[in-house]
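**Student:** Let me give you the structure first, and then I'll get to my questions.
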Amino acid sequence: MRIQFVAESFLPLMNGVTNSILRVADHYAATGHDLSIIAPKQRGAQKFWKASNGRKIRIRHVSSIPLAGYTSVRIATTNVAQLKRRILDFDPDVIHLASPAVLGRTAGIAAHKLDIPTVAVYQTDVPGYTAKYGMALLEHTAWQVLRDLHNRADLTLAPSTATLKQLDDHGFQRLNLWRRGVDFSNFSPDLANPKLRAKLTGDDPDQRIVIYIGRLAPEKQVEDLKIIHDMPNVKLIVVGDGPEKSTLRKLMPNAYFPGFKSGKELGELLATADLFIHPGELETFCQTIQEAMASGLPAIAPRAGGPVDLITPGHTGWLYTPGDLNQLRDYAYDLLFDDTKRAYFGHAAQDSVRKRSWPVLAEQLMSYYHQAIEHRSYRGSDSATKGHSITSEF
849 MRIQFVAESF LPLMNGVTNS ILRVADHYAA TGHDLSIIAP KQRGAQKFWK ASNGRKIRIR
909 HVSSIPLAGY TSVRIATTNV AQLKRRILDF DPDVIHLASP AVLGRTAGIA AHKLDIPTVA
969 VYQTDVPGYT AKYGMALLEH TAWQVLRDLH NRADLTLAPS TATLKQLDDH GFQRLNLWRR
1029 GVDFSNFSPD LANPKLRAKL TGDDPDQRIV IYIGRLAPEK QVEDLKIIHD MPNVKLIVVG
1089 DGPEKSTLRK LMPNAYFPGF KSGKELGELL ATADLFIHPG ELETFCQTIQ EAMASGLPAI
1149 APRAGGPVDL ITPGHTGWLY TPGDLNQLRD YAYDLLFDDT KRAYFGHAAQ DSVRKRSWPV
1209 LAEQLMSYYH QAIEHRSYRG SDSATKGHSI TSEF
């Protein structure tokens, strides 16, 4: 199959959107499919990405401008005619719109005009972000734009049941569930490093390590971890980068901020820690929870969005009431200072994600591509225009 990815963001910027594309594209490159990637142009971007089997995948960049206040994010400024030409150059069987917004909307219109099947993957709660960035008045407009964009696609894939319901409530059509995979070579309890632990804790056996991984941005609510930072005998590790980094360092001066990490270096940090916490309430999935679980860590998150599917309270971690930071602290204490319970939760967490490899999830995505192609062939029939087909085996 010839698959055209259209990414709202891509390398060298690493985030959930980029990671998902890289993982499924690597599998498709290894299994004989032809691939192309369209993404906003940015400093340091390469013309090709090399898959693990050595195949070079062409990246076709389009003009872009920096997002005000978050310059590492680029907003595409290309138009429909330009995208039509780029798409026709590759002549895909299906177009994968990764977290579509500005570029994804333009690509969706181009694909519609070219009568090419599209699968739109919803990954970012853009309407929810509007309030976090002081633009709450734009929330309604954001939902309208995203609904029109996604309903133009042949299928929309959401990463969690909470997100599926949210999209359904806002009038999105042709919804299906597609979760995310885990790279078990990079995330495993076997990567725990005693020397690193001794360094992080000052070789104090009474110290416990709590880790967060993600962007250091308002929507992640990393400042809520201050209550964990202030707990006795707790070392907080805050992994990631973003516009809030300097503010957070001042707020939590005893936390360790190693910056952005990936691959085995990230896996080593996770496996060496005791507990993972993600305080963001706008997560459509929360991939880092899965990676922490694969590393043998219990996880704590708000009872909102994607984490509700990932964490089984009292078994693999805890879900606290959004905004109740005292409950967050109590749950953290419950696991940090009960070694037996923490070990039980950690083993259960690892077991819960064992079947979620990227090749398995990539093959599920391939089945959705075929559904989109079939829908495009039979578009206009009542049975093909609306509905849910929610799979939960992963």
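Heads up, our numbering is the position in the sequence shown plus 848, with the first residue counted as 1. Ideal Cβ positions, reconstructed from N, Cα and C, are used throughout, including at glycine.
What does the alpha-carbon distance come out to for the pair Lys-1203 and Asn-1034?
**Tutor:** Cα to Cα, the separation comes out at about 15 Å.
**Student:** Who are the near neighbours of Asp-973 in its chain, counting only those whose CB is closer than 7 Å to its CB and skipping five residues on each side?
**Tutor:** Contacts found: Leu-1130 and Thr-1132.
**Student:** Where does Arg-1027 sit, in a helix, a strand or coil, going by DSSP?
**Tutor:** DSSP places Arg-1027 in coil when its eight states are reduced to three.
**Student:** Could you give the residue range of the beta strand (DSSP E) that holds Gln-883?
**Tutor:** The amino acid occupying residue 883 in the given sequence is Leu; Gln does not appear at that position. Run containing Leu-883: 882 to 888, per the beta strand (DSSP E) assignment.
**Student:** Taking 7 Å as the limit between beta carbons, can you name the residues of its chain near Arg-1028, skipping five residues before and five after?
**Tutor:** Result list for Arg-1028: Ser-868, Pro-1007, Phe-1133, Gln-1135, Gln-1138 and Leu-1209, in chain order.
**Student:** Please identify the residue among Asn-999, Ser-1205 and Asp-1182 whose C-alpha is closest to the C-alpha of Thr-966.
**Tutor:** Cα-wise, what sits closest to Thr-966 is Asn-999.
**Student:** Among Leu-931, Gly-864 and Lys-961, whose alpha-carbon lies nearest the alpha-carbon of Arg-1224?
**Tutor:** Nearest option by C-alpha distance: Lys-961.
**Student:** So, under 8 Å CB-CB, Pro-888 and Ser-912 are touching, yes? Tell me the CB distance rounded to an integer number of Å.
**Tutor:** That pair is a contact at about 4 Å.
**Student:** Tell me whether Ala-958 sits in a helix, a strand or coil according to DSSP, three-state version.
**Tutor:** Three-state DSSP puts Ala-958 in a helix.
**Student:** Would you kindly check if the distance between the Cβ of Leu-1145 and the Cβ of Leu-1123 is under 8 Å?
**Tutor:** A contact, by the Cβ cut-off of 8 Å.
**Student:** Quick check on the DSSP output: what are the complete beta strand (DSSP E) runs of length 3 or more inside the region 1136 to 1219, in order along the chain?
**Tutor:** Whole beta strand (DSSP E) segments, 3+ residues: 1147 to 1150 and 1165 to 1168.
**Student:** For the candidate residues Asn-1024, Glu-987, Ala-1149 and Ile-935, whose alpha-carbon lies nearest to that of Ile-885?
**Tutor:** Ile-885 has its Cα closest to that of Ile-935, out of Asn-1024, Glu-987, Ala-1149 and Ile-935.
**Student:** Which of helix, strand or coil does DSSP assign to Ile-964?
**Tutor:** Coil at Ile-964, not helix or strand.
**Student:** Determine the burial state of Met-1141: buried for a count of at least 16 other Cβ atoms within 10 Å of its Cβ, exposed for fewer.
**Tutor:** Flag for Met-1141 reads buried.
**Student:** In angstroms with no decimal places, state the Cα-to-Cα distance between Leu-1025 and Asn-1041.
**Tutor:** About 36 Å.
**Student:** Taking Cβ to Cβ, would you say Thr-1049 is nearer than 8 Å to Lys-1013?
**Tutor:** No. Outside cutoff.
**Student:** Would you kindly work out how many angstroms separate the C-alpha atoms of Leu-1064 and Pro-975, rounded to a whole number?
**Tutor:** Going by the C-alpha atoms only, they are around 19 Å apart.
**Student:** In chain order, which beta strand (DSSP E) runs of at least 3 residues are fully inside the region 931 to 958?
**Tutor:** Counting only runs of 3 or more, we get 942 to 946.
**Student:** Quick one, are the C-beta atoms of Arg-903 and Trp-1206 less than 8 Å apart?
**Tutor:** The answer is no: Cβ separation not under 8 Å.
**Student:** Can you grab the Cα-Cα spacing for the pair Asp-1002 / Val-928, in whole Å?
**Tutor:** Taking the straight line from one Cα to the other gives about 19 Å.
**Student:** For Ala-1065, name the three-state secondary structure that DSSP assigns.
**Tutor:** Reduced to three states, the DSSP call for Ala-1065 is coil.
**Student:** In terms of DSSP beta bridges, what is Pro-1053 paired with?
**Tutor:** Looking at the DSSP assignment, Pro-1053 forms no beta bridge with any residue, so it has no partner.
**Student:** Can the beta-carbon of Lys-1068 be found closer than 8 Å to that of Val-1087?
**Tutor:** Not closer than 8 Å, so no.
**Student:** I'd like to know whether the C-beta atoms of Ala-1147 and Thr-1164 end up nearer to each other than 8 Å.
**Tutor:** Yes, they are a contact pair.
**Student:** At what residues does the beta strand (DSSP E) containing Ser-912 begin and finish?
**Tutor:** Its beta strand (DSSP E) spans residues 912 to 915.
**Student:** Just to confirm my understanding: we take Gly-864, look at its own chain, exclude 5 residues before and 5 after, and list those with CB closer than 7 Å. What are they?
**Tutor:** Around Gly-864: Gln-971 and Gln-1135.
**Student:** Tell me which same chain residues have a C-beta within less than 6 Å of the C-beta of Leu-1176, skipping the five on either side of it?
**Tutor:** Excluding sequence neighbours, Leu-1176 sits near Tyr-1168.
**Student:** Alpha carbons only, please: which of Glu-1113, Pro-1066, Ile-1075 and Met-1079 is nearest the one belonging to Ser-1094?
**Tutor:** Answer by Cα proximity: Pro-1066.
**Student:** Roughly how many whole angstroms lie between the Cα atoms of Asn-854 and Ala-955?
**Tutor:** First, the amino acid is wrong: residue 854 is Val here, not Asn. The straight-line gap from Cα to Cα measures roughly 7 Å.
**Student:** Considering just the uninterrupted stretch of the beta strand (DSSP E) at Tyr-918, what are its terminal residues?
**Tutor:** First-last of the beta strand (DSSP E) with Tyr-918: 918 to 924.
**Student:** Just list the residues that DSSP pairs Gly-1107 with in beta bridges.
**Tutor:** Answer is Val-1087.
**Student:** Between Asp-963 and Lys-895, what straight-line distance do the alpha-carbon atoms span, to the nearest angstrom?
**Tutor:** So the alpha carbons of these two residues sit roughly 27 Å apart.
**Student:** Quickly, what does DSSP pair Arg-1224 with across the bridge? List them, please.
**Tutor:** BP columns for Arg-1224 are empty, so no partner.
**Student:** Only counting the same chain, and skipping five residues up and downstream in sequence, which positions put a Cβ closer than 8 Å to that of Asp-1054?
**Tutor:** Taken in chain order, the residues that qualify are Asn-1081.
**Student:** Quick check on the burial criterion: 16 or more other C-beta atoms within 10 angstroms. Buried or exposed for Gly-952?
**Tutor:** So Gly-952 counts as buried.
**Student:** Report all residues from its chain with a CB closer than 6 Å to the CB of Phe-1185; omit the five preceding and five following residues, and keep chain order.
**Tutor:** Result list for Phe-1185: empty, nothing under 6 Å.
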